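Reviewing the structure listed below.
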Amino acid sequence: MSDDDPGGAFAPGERLVPLAGYLRRLAVGYGLVALVVVPERVVLWAARDADERIGAPLLVLQLVLLPALAGLVALLGARGRDRKRAGIYAGLPDVTDEHPDDLQVVGDEDGLRRAARRATVPVLVLWVVLGLVLPFMASSILALALYAAVVARGEADTAARDGRELLTRPRWFVWLPVAWREVAPAP
């Protein structure tokens, strides 16, 4: 296959999803996970002896500081990606006109929702189980939800501006763009 043919870059039957839409749904799913994990953290904190647990202000700081840092990192990363956007498009295959037979681009709402649900359920189980042992799981799921929401917003704005959207493989944690396609300009 030639270097211009994206067929060689993807495994047979591979599904790609728009990065912005997928991350938006993951952020909602992770937010729902946070609705379970954060109260779990607070209940576990309250159940400990007063001498063994951290202070209430420190608990609140723990639940706020990591998500705030994740939001800042996401904003700075979006600005960096904007400066490198032409290079990102040049380095990834364009799947706008022809999709190889072994490649499926999921662009409908139901397909995105299903992909995000399949990614969110293992996160719920993992974060609840680890949340019983590790004190930072509540703040980490809040950080993950905020990071996904900020990146989704930036990618949606960029797609509306450029008329191109980045595509990614559905994953529950690492969302690297692997291709792009042209989209209709926003009205």
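For the sequence shown, numbering that gives the first Met the number 0 gives the first residue as 0, with consecutive numbering after it. Beta carbons: idealized from backbone N, C-alpha and C, even for Gly. No experiment lies behind these values; they were computed from the predicted model shown.
Quiz item: For residue 94, which three-state DSSP category applies?
Solution: coil
Quiz prompt | Distance CB(residue 124)-CB(residue 29) smaller than 8 Å | solution = no
Self-check item: Start-end ranges of the beta strand (DSSP E) lying completely within the segment 148-174, minimum 3 residues
Solution: 163-167
Practice problem: Grab me the residues of residue 130's own chain with a C-beta within less than 7 Å of its C-beta, minus the 5 sequence neighbours each way, in chain order. | Solution: 36, 39, 40, 136 and 137
Quiz item: Does DSSP classify residue 121 as helix, strand or coil?
Solution: helix
Quiz prompt | From 88, 70 and 147, residue whose alpha carbon lies closest to that of residue 162 | solution = 88
Quiz item: Is it right to say residue 108 is buried, meaning 16 or more other beta carbons lie within 10 angstroms of its own, or is it exposed?
Solution: exposed
Quiz prompt | Strand pairing of residue 274, partner residues [DSSP] | solution = Nothing about residue 274 can be reported from this structure: the residues present for the chain run from 0 to 186 only.
Exercise. Helix, strand or coil for residue 36, going by three-state DSSP, please let me know.
Key: helix
Quiz prompt | Exposure label - residue 172; buried when at least 16 CB within 10 Å | solution = exposed
Quiz prompt | Coil, strand or helix - residue 17 by DSSP | solution = strand
Quiz prompt | Reduced DSSP secondary structure (H/G/I, E/B, other) of residue 6 | solution = Here residue 6 scores only 45 on pLDDT, less than 50, and its place in the model is too uncertain to base an answer on.
Quiz item: By how many angstroms is the C-alpha of residue 51 removed from the C-alpha of residue 154?
Solution: 44 Å
Self-check item: Backbone secondary structure at residue 183 - three-state DSSP
Solution: coil
Quiz item: What's the C-alpha gap between residue 3 and residue 104?
Solution: Because the pLDDT of residue 3 is 46, which lies under 50, any placement of that residue in the model is unreliable, and the number read from its coordinates should be weighed accordingly. Cα to Cα, residue 3 sits roughly 18 Å from residue 104.
Quiz item: For residue 104, which three-state DSSP category applies?
Solution: strand
Quiz item: residue 113 to residue 120, Cα distance in whole Å?
Solution: 11 Å
Quiz item: alpha helix (DSSP H) containing residue 56: first to last residue?
Solution: 55-82
Quiz item: Looking only at C-alpha atoms, which of 116, 54 and 92 sits nearest to residue 26?
Solution: 116
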